[in-house]
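Numbering (full-length UniProt numbering), first residue to last: 1 to 153. Glycine is no exception: its CB is placed at the ideal position from the N, C-alpha and C atoms. Please read the structure below before turning to the comments.
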């Protein structure tokens with residue numbers, strides 16, 4: 001479903017390179033590194049295509065992004081934010097797609113450790129200093145694909 005929709009809506013876009021499906025073992029590893037269970041729709045996306053080199057990150061890129069946020073970027077923000085504040089602004093999200101400009105599409109993780117699947121956000125790196133650097137853009141992955149490909153977000 002997602003793979004076909006991406007291919008249909010991105011016809012003529014030479015940057016889109018849909019990747020083969022992701023294995024369950026790699027999805028599980030990504031969840032372990034992120035520290036949160038992925039919503040079922042994200043797992044289904046990864047099962048259909050492990051990223052597309054354009055909008056969606058592969059499971060490996062999701063892992064790499066988390067490691068960068070925790071190991072490289074966290075120390076850079078220690079003067080400005082406590083670890084808890086940084087986690088609230090950065091680490092309480094499951095980043096799974098990007099606009100290519102440093103912003104990410106993501107699920108927000110609730111304090112109980114489960115992802116809020118009712119909305120997908122754009123997390124804007126330029127606004128990390130704001131109390132809220134994320135805003136809703138879609139209700140699900142299908143809507144995200146359509147809105148992104150149509151230039152609405």
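Range of the contiguous alpha helix (DSSP H) that encloses residue i
i, result
"residue 8", "2–9"
Nearest to residue i (by Cα), restricted to the options the options
i, options, result
"residue 61", "48, 95 and 36", "95"
"residue 115", "152, 104, 41 and 11", "41"
"residue 19", "51, 151 and 11", "51"
"residue 117", "108, 27, 124 and 15", "108"
"residue 21", "11, 57 and 13", "57"
Cutoff 6 Å; reference residue i; Cβ partners in own chain excluding five residues on either side
i, result
"residue 38", "31"
"residue 90", "69"
"residue 104", "95, 98 and 123"
"residue 53", "17"
Cβ-based neighbour list, residue i, same chain, cut-off 8 Å, excluding 5 preceding and 5 following
i, result
"residue 145", "2, 5, 6, 9 and 55"
"residue 121", "93, 105, 106, 107, 108, 134, 135, 136 and 137"
Close-in-space but distant-in-sequence residues of the same chain around residue i (CB under 7 Å, 5 per side omitted)
i, result
"residue 34", "62, 66 and 94"
### Query
For the UniProt domain "Knr4/Smi1-like" (21–147), which segments carrying the beta strand (DSSP E) assignment without a break, of at least 3 residues, lie completely within its bounds, in sequence order?
Here the runs fully enclosed are 93–98, 104–108, 120–123 and 134–138.
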